[in-house]
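Heads up, the sequence shown is in full-length UniProt numbering, so the first residue is 1 and it goes up one at a time.
A short worksheet on the structure shown next.
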Amino acid sequence: MVFKKKEKRVPSGFNTINEFFDYLYKKEDLIWMGQNTNHLQKDKGIEDALIAGAKKRDYCKYPPPEGFPELKELILKDLELDPNLFDVQVTASATESLYLAISTSLYHVTNTIASDPGYLIINNFCNRFGNHVKEVPIYNEECGYKLTPELIKENIDMETKLIVLIDPLNPIGTAYTKDEIKEIAEIAKENNIIVLHDITYKDFARDHTLVAKYAPEHTITIYSFSKIFGMAGLRIGAVISSPDLMRPIRASVINDLGTNSLAQEAGIAGLHSKSSWIEDIKETCFKNQELIKEAVDETPGAFLPVYPSDANMMVIDISQTGVKPEDLSEYLLEEKNIFVREGNYTSKRFGDRYIRVSYSIPTSEVMEFRNEFKNAILTLQRKNKK
Ligand SMILES: Cc1ncc(COP(=O)(O)O)c(C=O)c1O
């Protein structure tokens, strides 16, 4: 096993990365555009389920190891997947689901195809359990900023076992069309490869298709309650696959005594109420994207590689402004109380070209970003000249 986890840069003014995140977490007036969490979720049902569960002190018992059957059923219903063909393991997050899926799919001689940019934690896991990860550069217009079926085919070899398909993609927000998904499903079946379909941001997309529908025996689907459900701090997610692929996953579950029962109750409530709030959240997100676009359009040298984004985040390319992403994120945090993320969190190759901003936050807060962005770039350009 090889551990290749890259050390995170500690922002100036902090001793450790943990101290930095603790500061952010506790700063209540912070404009939170640096992590793709959802601050628009106001559903009373989720809150009530947490309070009711806590009041009953249900948490003195261990919940069932695979997850509450009601939650498992609701997840499959949400995805419109047949319970006779698919099984669900509830986990303490999409991150845990990814770890379980990757550790049981890869072997020290097998390799993975992933996109660059992408969500680097996934690649860390793949490097740990498999031989190597082919990080395919997709930060260009020719491929539409996507890991296209053509790029996948070009990169497959005899030892490829996993295709990481983040859809919509963190950080760019591209989503795959039904035709692309069908083609990727065919590639997986023909080559006996597993598609790791990370659908963490699915519900922000205008349209979405599951690979599992077209390659049920070759897909592991990764599900999170952190984003549209606004439950990131509750740490709950799921992994969904055919019973055959689930067998090794279930055998390697660490948390054999189940997943946080209150988080599961909240998940059940959120799935029941979802149809009543999802459109409002999506609408606000698309409106917020427009405001960010206005700010970017009036800033010479900055541009949006992908617009609109199908996720709750997007990339702003600032490479032609001469301003470094880490300088911009540090300036916005220190001077304007706005938390954004520099690109090197999501790409080793292209991370020095962009910042990533999330916008599932109140529109009034996005307005502050809209008002500050151009000035921030101009101020840093002046500083650079001195
Ligand atoms: C693509 C992707 N997968 C998984 C996660 C983690 O989700 P969770 O909070 O459920 O662990 C993230 C978080 O940002 C993500 O971007």
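Every residue, glycine too, gets a C-beta built ideally from N, C-alpha and C.
All values derive from a computational prediction rather than experimental measurement.
Can you give me the C-alpha to C-alpha distance between residue i and residue j, rounded to a whole angstrom?
i, j, result
"GLU279", "LYS42", "13 Å"
"SER319", "LEU210", "34 Å"
"GLU135", "ILE187", "18 Å"
"PRO300", "LEU333", "22 Å"
"ILE102", "ILE361", "32 Å"
"PRO117", "ARG57", "44 Å"
"LYS44", "ALA269", "9 Å"
"LYS182", "THR37", "30 Å"
"ILE122", "TYR99", "8 Å"
"GLU73", "GLU80", "10 Å"
"MET33", "HIS39", "10 Å"
"HIS108", "ASP29", "46 Å"
"VAL88", "LYS383", "53 Å"
"PRO171", "GLY67", "30 Å"
"ILE240", "PHE86", "7 Å"
"LYS386", "PHE286", "39 Å"
"ASN18", "LYS8", "10 Å"
"GLU326", "GLU342", "5 Å"
"PRO243", "PRO64", "18 Å"
"ASP82", "THR160", "28 Å"
"LEU196", "GLY53", "33 Å"
Following the continuous beta strand (DSSP E) through residue i, name the residue where it begins and the one where it ends.
i, result
"TYR223", "219-224"
"GLU298", "Here GLU298 belongs to no beta strand (DSSP E), and DSSP marks it neither H nor E."
"LYS161", "160-166"
"MET314", "313-317"
"GLU73", "Here GLU73 belongs to no beta strand (DSSP E); instead the alpha helix (DSSP H) covers 69-79."
"ALA114", "111-116"
"LEU196", "194-198"
"ASP87", "87-91"
Can you tell which of the options has the C-alpha that lies nearest to the C-alpha of residue i?
i, options, result
"MET313", "THR104, VAL164, PRO168, THR95", "PRO168"
"ALA175", "ASN191, LYS182, ASP207", "ASP207"
"GLN381", "GLU342, LEU328, ARG341", "LEU328"
"ALA49", "LEU262, SER97, LEU106", "LEU262"
"ILE236", "ALA266, ARG247, SER242", "ALA266"
"LYS146", "ASP203, GLY173, ASN155, SER273", "GLY173"
"TYR201", "ASP310, ASN155, ARG250", "ASP310"
"PHE369", "SER97, ASP157, ALA295", "ALA295"
"ALA94", "ASP157, ASP198, ASP179", "ASP198"
"TRP277", "ASP203, ASN344, ILE163, LYS293", "ASP203"
"ASP22", "GLY233, THR177, ALA205, VAL195", "GLY233"
Just curious, the alpha helix (DSSP H) that residue i is in, first and last residue?
i, result
"VAL366", "363-385"
"THR104", "94-105"
"ARG353", "Here ARG353 belongs to no alpha helix (DSSP H), and DSSP marks it neither H nor E."
"ASN127", "120-129"
"VAL18", "Checking the displayed sequence, the identity of residue 18 turns out to be Asn instead of Val. Its alpha helix (DSSP H) spans residues 17-26."
"LYS134", "That residue, LYS134, is in no alpha helix (DSSP H); its beta strand (DSSP E) goes 133-137."
"GLY237", "GLY237 -> not in any alpha helix (DSSP H); beta strand (DSSP E) instead, spanning 237-241."
"ALA54", "44-55"
"ASN36", "Note, ASN36: premise wrong, no alpha helix (DSSP H); not H, not E."
"LEU333", "325-336"
"GLU154", "149-155"
"ALA188", "178-191"
Would the C-beta of residue i count as close to ligand 1, meaning under 6 Å from any of its heavy atoms?
i, result
"THR200", "yes"
"GLY258", "no"
"SER309", "no"
"ILE156", "no"
"TYR119", "yes"
"SER224", "yes"
"ASN170", "yes"
"SER360", "no"
"ILE166", "yes"
"ALA101", "no"
"SER93", "yes"
"ASN36", "yes"
"GLY351", "no"
"ALA232", "yes"
"GLY322", "no"
"GLY237", "yes"
Kindly indicate if chain D contains any beta-carbon less than 7 Å away from that of residue i.
i, result
"LEU85", "Protein chains in the displayed structure number just one, and chain D is not present."
Using the rule of at least 16 other Cβ atoms within 10 Å of the residue's Cβ for burial, across every protein chain shown, is residue i buried or exposed?
i, result
"SER275", "exposed"
"LEU257", "exposed"
"PRO216", "buried"
"TYR354", "buried"
"SER224", "buried"
"PHE350", "buried"
"ALA212", "buried"
"LYS26", "exposed"
"VAL10", "exposed"
"GLU365", "buried"
"SER12", "exposed"
"MET246", "buried"
"PRO69", "exposed"
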